[in-house]
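In our numbering, the protein residues as written are 2 to 1201.
Ideal Cβ positions, reconstructed from N, Cα and C, are used throughout, including at glycine.
Keep in mind the model is a prediction, meaning the values are calculated, not measured.
Below is one structure, written out as structure tokens; the observations come after it.
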Amino acid sequence: MKKFNFRKVLDGLTASSPGGSSGGSSGSGGGSGAGTGSMHSGGTAGAAGTPREEIQETLMSDYFQICKTVRHGFPYLPTALAFDPVQKILAIGTRTGAIRILGRPGVDCYCQHESGAAVLQLQFLINEGALVSASADDTLHLWNLRQKRPAILHSLKFNRERITYCHLPFQSKWLYVGTERGNTHIVNIESFILSGYVIMWNKAIELSTKTHPGPVVHLSDSPRDEGKLLIGYENGTVVLWDLRSKRADLRVYYDEAIHSVAWHHEGKQFMCSHSDGSLTLWNLKSPSRPFQTTIPHGKIQRDGKKPESCKPILKVEYKTCKSSEPFIIFSGGLSYDKACRRPSLTIMHGKAITVLEMDHPIVEFLTLCETPYPNEFQDPYAVVVLLEKDLIVVDLTQSNFPIFENPYPVDIHESPVTCTEYFADCPPDLIPVLYSVGAKHKKQGYSNKEWPISGGAWNLGAQTYPEIIITGHADGSIKFWDASAITLQMLYKLKTSKVFEKQKLGEGKSTAEIVEEDPYAVQMMYWCPESRIFCVAGVSAYVIIYRFSKHEVNTEIASLEVRLQYEVEDIITPEPEIIPPFPDASSQLPSLKNLSGSTNTVACEGMMKDSIPCLSVKTRPVRMPPGYQADLVIQLVWVDGEPPQQITSLAVSSAYGLVAFGNCNGLAVVDFMQKTVLLSMGTIDLYGSSDPYQRQPRSPRKSKQFAAGLTELSDSPVSLELERCKSPTSDHVNGHCTSPTSQTCGSGKRLSSADVSKANRRGPGRPPFRKAQSAACMEISLPVTAEGYISRRAMLQQLHGISTFSHDERHFTACSWMDKENRENSFSRSRSSSVSSIDKESKETITSLYFMESFARKNDSALSPCLWVGTGLGMVLILSLNLPPNDDLRLTEPVMVSPSGTVLTLKGAVLTFARLDCMGALIHPPYEVWRDPNSTDDNEKTRKRKLVMHSPSASQDMGEHQFAVVCSEKQAKVFSLPSQTCLYIHNITETSFLLRADVVTLCNSVCLACFCANGHIMTLSLPSLRPMLDVNYLPVTDMRIARTFCFTNEGQALYLSSPTEIQRLTYSQEMCDNLQDMLGDLFTPVETPEAQNRGFLKGLFGGSGQNFDREELFGEATAGKASRSLAQLIPGSGGIEGMKGAAGGVVGDLARARVALEERGQRLGELDEKTAGMMASAEAFSKQAHELMLKYKDKKWYQF
């Protein structure tokens, strides 16, 4: 535990914060403007007004460690599928080299091949706790699943062959590997050593055959005789190879290419699927021609000719039943004349043919059967179908083939994810409440049977606090997820698009839409868990405020329209009389009315759009089910043909009843209790006379402005005088500020060249934005500025689709969900974010907003409601909120919003704010305790608002002192309030920029967590800003990560690792230590079912498969060694050695001990087998040596 003294704090600043005791000596704060107005960039510690001199910080660097915890969602770009019928676990391989192993809900494991090569095939060692993967770099890997984090035991890299197919017989340790050249190799699974036994393609086919048979596409041993191996070649040749005699028993030929082969369980017949959509059934007794040929979806010709060809049948499975006809299940094979038909799975059962149409292409499917033995009746009960973007399981036991309800969160990407929020340790009653309202909307028609993938074991572990993840999507939907105990389950889905009228086809060009695709895409979310108020900002420049209710209601949706468009002169010519201080309420003109909330729609000459919102809110009463119900919709409108810019910051205060949002033009504050606009003005107007760069506002364009019940304001001298008495572009009535462009133009004002050229650049009907890009699909190359580092401005332009900080027109490429996934959208280089270039900038984006009880001005003695505003130029402005004195007047008296004149500076765009008390503890913003707005209880209706203010109490002797924490993309500062002295500065990065910064709680303390564009995750202690952690975790390679990365309390974070998956991680050492206990077990001890009694006659005449000894045939003693240049053995890090570092706690020790005992027993068994084998080989060697001696006993040396 370390103590810090404010008076000596500057002496202990780190090297990253240049020292000295002067006020303007550190960071960018010492630049222009220091000492002028109310700007403060530094100051001596221990200034007056600091009641306590010491703060005890409990956090130490030992408390932090970065560790991935779990990955949720659907595996991205799946390629392979495998199932263990005894353990009942499922494995999915992907094109990126990842493997996901799924069991019962809660058992979900992610592992990754280091090479990143695509997974070609997966094979379980059934009931052995191991998995074999074959990857596209021609490497076989053996994964140990007997530990919670699987690891590779061995790898075998083929150097001269390309792997195409693998097969591992049940209860065998010899893996058959087919190659592109048509050869078949055999690998010992235990040692991962290649056997000398090889089936060469030229030996397998007839000598008279002149063409190469193609790659091996199928391998399987005969159910009747394990000594017979069926080899399928791509060109239509199938060979039944006798492993003992090393020759082909039979060969069959077909004109069409083979895609897959399936055995009948008796081993007398097999079925092939072909490229012409046909299925051929072959009998081993008559291999000259197919026993039966069918084209299931081919049209039967009238003249008796062969049915027409169809699309290839990519896979077929032939499963028998004891009590019914066999199942023939296949994918593909549809007729070519139905091009629009969706991908399908066909189930043939007896004479019935059922076609199940899928939403996405089928990657692979597997039939789940009751027995793992291939020579028994299979009795299939389900089919697992792996689609490109979904996983479904079909129930085969019911005639209508319903699907099972999927317990996994594989539908995260149902609509592309555009933003995420993460809340740990939220109120415990939220999850049951959200689940209860969400359960009413669940789909019906699922199978009534339990989910068949039920393997593994999982328990809650030690982590018990509730967690909620919220995802916003491109279609306007919001999903709430229960993320407690590292699981994920959907609670509730909210559709924000329901508040708007549906757009009719063909209207897109003629309406005021600013995006061509996904106009309802969610851009930002703000949630207050305590008051249950939820706020959404959409890509079409709107904000919706939702209140939570348990009761259904039928009501109209209130809406407001806000004009927020502002320009400044390109040429700065400061004139002091044009920039007066922000006027007091007493100087406001009572004759002027607020125009910003006007709902008039005015179309000017030339079809110029003005005062038109982008979307139309429903005007009729709307039925709102229990859950989140829209309380107010706020829309930005077109102004003089200019579209509204997208929203870049959002904040809500349930205690104050206010919502604030900003964009590159300015700031708007709305009272959602009274449904009125309080403030709507350009960013520069917020400074008043405190603007450090003295930028001159540009007068609005000369255009007629109208308001309901108000005559047009003329360009008379009186009007000009009135303008001079006010802030240049704001009208004030009862504390309300209208939008900057809602008044007349002053005569004689010059329009800049940028203003004139704007009409040429963009026509009135041309959408200025690219299509709404979902964060799930954006992969970009980040630009590098002249200073040599990645520019956050260019990234924000890509995020919001606008020229965020500049008038310069940016051109973006419109991409859809389907074609964006593999495309990199590079964008133009942007200017540096350094302060030296501020004078070139004409717009200042609002990047951060925060409501809190604070000291608005330097000499304030009491806390008051404030809105802290951060901008893209590193400026922090404080707005004072004057609320009615008591709750009774809240709905009748107006709320006053006025800038306080206080301006603080940082380097880079401001990202986040927080407030600490004088002991360094986090002070949460005030909130209103939730009450049901539609309650039928009279007491609930009449109950007054209950506010929780979180203000420090006088009894704790905390005085009036507090800290303000402000973090920008470059640095963090801690200010003492009300003195506004900068106590601590930390320059976080010079060569990159922060994407996300959050003040979070950890171990009953508080810290600042940061994610940098160069991939570093950093934590800083508060208030001293000491670096606690700095790990190079993940470089930002695409915009998806930048858009979705977020921190939360208790040392947790998440981001969208792919368009379909959420990756959670922890930066807490304690959670890393306990993670092993929280993860599910993939392997549980299960008895292998016994084989059915075959009977005397079947055992006598059913073949000699039971006596087949693979060890004798494939072992080194008989088959010899394989060529060393053919394959290379690479030892892995799995087993108990790899487990030592991963496991932690008592459970980990017990697991290690259990695995050690199992491995010891296994080794002892292997030792016995090897000893017996050595004795047998020694005896055979002795016998052969004796025979050799007898043979050459009487011969002379010259007779040899």
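When the distance is taken between beta carbons, is residue j closer than 8 angstroms to residue i?
i                  : j               : result
valine 385         : leucine 369     : yes
glutamine 524      : isoleucine 648  : yes
isoleucine 314     : leucine 280     : yes
isoleucine 348     : leucine 357     : yes
glycine 107        : isoleucine 1063 : no
phenylalanine 1048 : alanine 1014    : no
glutamine 88       : valine 1087     : yes
methionine 609     : glutamate 553   : no
tyrosine 543       : isoleucine 470  : no
glutamate 1        : valine 218      : Lying outside 2 to 1201, the shown extent of the chain, residue 1 is not represented and no answer is given.
threonine 903      : glycine 873     : no
tyrosine 423       : glutamine 1070  : no
leucine 880        : leucine 868     : yes
glutamate 58       : serine 1025     : yes
Beta-carbon within less than 6 angstroms of residue i's beta-carbon, same chain only, minus the 5 sequence neighbours each way: which residues are those?
i             : result
alanine 586   : Low per-residue confidence applies at alanine 586: pLDDT is 37, beneath 50, and the placement is therefore not dependable, though the value from the model is reported in the following sentence. No residues qualify anywhere along the chain.
histidine 142 : Ser134, Ile153, Ser156
valine 1001   : Ala1010, Phe1048, Asn1050
arginine 105  : Ser455, Gly457
lysine 1196   : none
Which residues does DSSP pair with residue i in a beta bridge?
i              : result
proline 381    : Cys370
asparagine 449 : Paired residue(s): none; asparagine 449 is not in a bridge.
tryptophan 528 : Phe535
asparagine 988 : Gln972
tyrosine 319   : Ile329
serine 612     : Answer is none; serine 612 lacks a bridge partner.
proline 79     : Thr95
lysine 1122    : Ser196
Given residue i, which residues of its chain have a CB within under 7 angstroms of its CB, disregarding the five upstream and five downstream residues?
i             : result
leucine 948   : Ala656, Pro927, Glu929
proline 403   : Asp396, Gly446, Tyr447, Ser448
arginine 163  : Asp139, Thr180, Glu181
tyrosine 1056 : Ile1042, Thr1045, Phe1046, Gln1064
Would you mind sorting residue i into buried or exposed? The rule is 16 or more other CB atoms within 10 Å of its CB.
i               : result
histidine 442   : exposed
aspartate 888   : exposed
proline 866     : buried
alanine 863     : exposed
isoleucine 558  : buried
tyrosine 111    : buried
glutamate 825   : Because glutamate 825 carries a pLDDT of 34, less than 50, the predicted location of this residue cannot be relied on, and the following value inherits that uncertainty. With fewer than 16 other Cβ atoms within 10 Å, it is exposed.
alanine 998     : buried
arginine 290    : exposed
leucine 616     : buried
lysine 224      : Contrary to the premise, residue 224 reads as proline rather than lysine in this sequence. Buried: at least 16 other Cβ atoms inside 10 Å.
methionine 1175 : exposed
arginine 303    : exposed
glutamine 122   : buried
tyrosine 77     : buried
proline 886     : exposed
Considering only residues of the same chain and omitting the five flanking positions on each side of residue i, which have a CB-CB separation below 8 angstroms?
i             : result
histidine 361 : Pro344, Leu388, Glu389, Lys390, Asp391
threonine 937 : His552
Inter-stretch contact (C-beta, 8 angstroms, three-pair minimum) for the segment 292-299 and the segment 310-329: A contact between stretches requires three or more CB pairs, one per stretch, nearer than 8 angstroms, and the segment 292-299 meets this requirement with the segment 310-329.
The segment 971-987 touching the segment 1031-1046, judged by at least three CB pairs closer than 8 angstroms: no
Stretch pair the segment 1026-1035 + the segment 74-85: three plus CB contacts closer than 8 angstroms: Using a Cβ-Cβ distance cut-off of 8 angstroms, the segment 1026-1035 and the segment 74-85 are not in contact, since fewer than three pairs of beta carbons, one from each stretch, lie closer than that value.
Given 8 angstroms, three or more beta-carbon pairs between the segment 201-208 and the segment 242-257: yes
Segment contact, 8 angstroms Cβ cut-off, at least three pairs: the segment 191-199 with the segment 1119-1127: yes
Contact between the segment 656-673 and the segment 531-545 (3+ Cβ pairs under 8 angstroms): yes
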